[in-house]
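This report concerns only the one structure given below.
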Amino acid sequence: MSLDFKFIVRLIPIMLKYSTVTIKLSLFAILLGFTLSFFIAIVVYAKVPVLNKFFKVYISFFRGTPLMAQLFCFYFGILPMFSRLVLKVSSFQAALIILSLASSAYMAESLRAAISSIHKGQMEAAQSIGMTYVQAMFRIILPQAIKVATPTLFSSFINIIKDTSLVFAIGVKEMMATAQLEGASGYRYLEAYICVLLVYWGITSLMGFFQRKIEIRLGQLVGETN
Amino acid sequence: MIRLKNIYKAFGSLEVIKDISLDINYGDVVSIIGPSGAGKSTLLRCINCLEIADQGEMQIGDYHININKMTKSDIQWIRRNTGMVFQGFYLFNNKTVLQNITEGLIVVKKVKKNEAKKKALKMLEQVDLLEKKDCYPSSLSGGQQQRVAIGRALILEPKILLFDEPTSALDPELVNEVLVLIKKLAGQNQTMLIVTHEINFAKNVSDRVCFMDQGTIIEEGPAIEVINNPKNKRTQQFLDALKH
Chain A
25 MSLDFKFIVR
35 LIPIMLKYST
45 VTIKLSLFAI
55 LLGFTLSFFI
65 AIVVYAKVPV
75 LNKFFKVYIS
85 FFRGTPLMAQ
95 LFCFYFGILP
105 MFSRLVLKVS
115 SFQAALIILS
125 LASSAYMAES
135 LRAAISSIHK
145 GQMEAAQSIG
155 MTYVQAMFRI
165 ILPQAIKVAT
175 PTLFSSFINI
185 IKDTSLVFAI
195 GVKEMMATAQ
205 LEGASGYRYL
215 EAYICVLLVY
225 WGITSLMGFF
235 QRKIEIRLGQ
245 LVGETN
Chain B
1348 MIRLKNIYKA
1358 FGSLEVIKDI
1368 SLDINYGDVV
1378 SIIGPSGAGK
1388 STLLRCINCL
1398 EIADQGEMQI
1408 GDYHININKM
1418 TKSDIQWIRR
1428 NTGMVFQGFY
1438 LFNNKTVLQN
1448 ITEGLIVVKK
1458 VKKNEAKKKA
1468 LKMLEQVDLL
1478 EKKDCYPSSL
1488 SGGQQQRVAI
1498 GRALILEPKI
1508 LLFDEPTSAL
1518 DPELVNEVLV
1528 LIKKLAGQNQ
1538 TMLIVTHEIN
1548 FAKNVSDRVC
1558 FMDQGTIIEE
1568 GPAIEVINNP
1578 KNKRTQQFLD
1588 ALKH
């Protein structure tokens, strides 16, 4: 059986159409997950009582369990328990919630490591001129930490994009679901999944491009010349 | 004046500062010398509240603080009225030289940006680094970084400027430019407390010298007297060892 290029060419536009679901889901999950991870990292780094302990368990749980199991547990297990309440959660929203929570655990660890890597003298110098902890954190420490964290954060972003391929399992109609459907209709599974891989590769390459741009920009902020 | 009274500080079971009292008049330059591990740096850090002493009293001008009852706003007040110059400079790496100096004015003292910049440029002239104003710390030499750090502390007009071994991390040929600047400040009657290993410098620049060992001030007096004719045996031993 030979590769049917015509099939691939015909399928690509369909995939690109459904990639908007992937991109939408990824972007929202990155945005929500990153915001949440920011908060978690600062809480854990500053050792805020109670919350610190809570987020340590949170990180351990979301990093230590499979995303697919989290999705199933949430969508088929937890959500139906609350189905009588007003809130009606679509499969897209459920996927977004779990992706954001799970990725925030990874990103919080990246950020925490990056914050720890900034010499403690930076914080001391900021405090010695009278800045509060929060001022020092936002004006001095975090801008430097973000630069350190950028490569690992982008790895997380890329992981989020790839992990969206799992959410078809709870019924979100995205690229994987389409590939399965189209592949099955003509027994052209190889072509269908090659399409999926190419579109994913395209999207993540774009992320890699943004990463380089951002690294250069952040480098300029501490006086690096390229 | 600045007064420390019966300051104690321990790290776990290790007593680093034992019952230190020290008076510094406005305009005075006081140097602290002594072997490493004597608690010199810790004493400075306690004054700046980077470490919180276990007990004792502090007075800066009319502001009295009992360390046991110190509140967050006390700490903030103290930090805003004392300046610290670190051994490792610790300039803000994400800010230019000019921004390093304006940062405290803008964020802490709420000075308007234009005004802060004007003041900072004057300060850079004083520390002789005006041409470096748009450079980042990573492109400066150690001596230049330390001069910026002094400017950063000085621009907030601290009632006392604390130096924690300001030249110990510098290459030998860069030490002098920093010492010259400190000396210039002494000439302008800036109150300073300097922890240093530069004995000759201490003798030249200070009004008084304290010799510290094992957490206490063992000998204190006019600089020339303490360094040329130390009365205490341990001070003698310390200074003799440095001559060889």
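Residue numbers (this note's numbering), protein chains in the order written: chain A, 25 to 250; chain B, 1348 to 1591. We treat Cβ as the ideally placed atom computed from N, Cα and C, and that holds for glycine. None of these values were measured; they are calculated from a predicted model.
For A:M155, at least one C-beta of chain B is nearer than 7 Å to its own C-beta. With 16 or more neighbouring CB atoms inside 10 Å of its own CB, A:Q168 falls in the buried class.
Interface residue (Cβ-Cβ distance to chain B less than 7 Å): A:G243 is not classified as such. In the three-state DSSP reduction, B:N1353 falls in the strand class (E or B). Across the set B:Q1493, B:L1501, B:G1435, the C-alpha of B:L1501 shows the shortest separation from the C-alpha of B:K1466. Contact between the segment 110-129 of chain A and the segment 1401-1416 of chain B is absent: fewer than 3 CB-CB pairs across the two stretches fall below 8 Å.
A:K171 is classed as buried because its beta carbon has at least 16 other beta carbons within 10 Å across all chains shown. Of all residues in the segment 171-187 of chain A, only K171 place a beta-carbon less than 9 Å from a beta-carbon of chain B.
Collapsing the DSSP output to three states places B:G1490 in a helix.
Contacts between A:I66 and chain B, judged by CB atoms closer than 9 Å, are missing: the closest CB pair is about 17 Å apart. For the 7 Å CB-CB criterion, B:N1428 and B:K1506 form a contact. Listed along the chain, the chain B residues whose CB falls inside 8 Å of the CB of A:P167 are N1441. The DSSP assignment places no complete run of the beta strand (DSSP E) inside the segment 88-167 of chain A (cut-off: 3 residues). If you draw a straight line from the Cα of A:Q151 to the Cα of A:M105, it is about 49 Å long. Ranked by Cα distance from A:S26, the first of A:R212, A:V223, A:R136 is A:R212. Taken in chain order, the complete alpha helix (DSSP H) segments of 4 or more residues contained in the segment 161-229 of chain A are 166-187, 199-210. Here B:N1372 carries a coil assignment [DSSP, helix/strand/coil]. When beta bridges are read from the DSSP output, B:M1405 appears opposite B:L1351, B:I1412. The segment 1456-1543 of chain B contains, as complete beta strand (DSSP E) runs of 3+ residues, the segments 1507-1511, 1539-1542 (chain order).
When 8 Å is used as the limit between beta carbons, B:S1420 is near no residue of chain A, the shortest such separation being about 11 Å. In the displayed model, B:M1417 falls within coil according to three-state DSSP, outside both helix and strand.
In the assembly as shown, B:R1499 is a buried residue. Its beta-carbon has 16 or more other beta-carbons within 10 Å. About 4 Å separates the beta carbons of A:S61 and A:S128, which is inside the 8 Å limit, making them a contact pair.
Using beta-carbon distances, A:V158 does not count as an interface residue toward chain B, since no partner is under 7 Å. Look at A:L35 here: in three-state DSSP terms it is helix.
C-alpha of B:I1574 to C-alpha of B:K1356: approximately 27 Å in a straight line.
Between A:S50 and A:T188, the C-beta spacing is below 7 Å. Counting other Cβ atoms within 10 Å of its Cβ, A:F100 stays below 16 and is therefore classed as exposed. Closest in alpha carbon position to B:V1556, among B:I1571, B:T1563, B:G1562, is B:I1571.
Here B:D1560 is buried. Its C-beta has 16 or more other C-beta atoms within 10 Å. Contact residues of the segment 103-120 of chain A toward chain B are absent (C-beta to C-beta distance below 8 Å). In the DSSP assignment, B:C1557 falls within the beta strand (DSSP E) that extends over 1555-1560.
Note on A:P90: under 16 other CB atoms within 10 angstroms of its CB, so exposed under the neighbour-count rule. At a cut-off of 7 Å between beta-carbon atoms, B:R1555 makes no contact with chain A.
The alpha-carbon of A:R34 is positioned some 19 Å away from that of A:V45.
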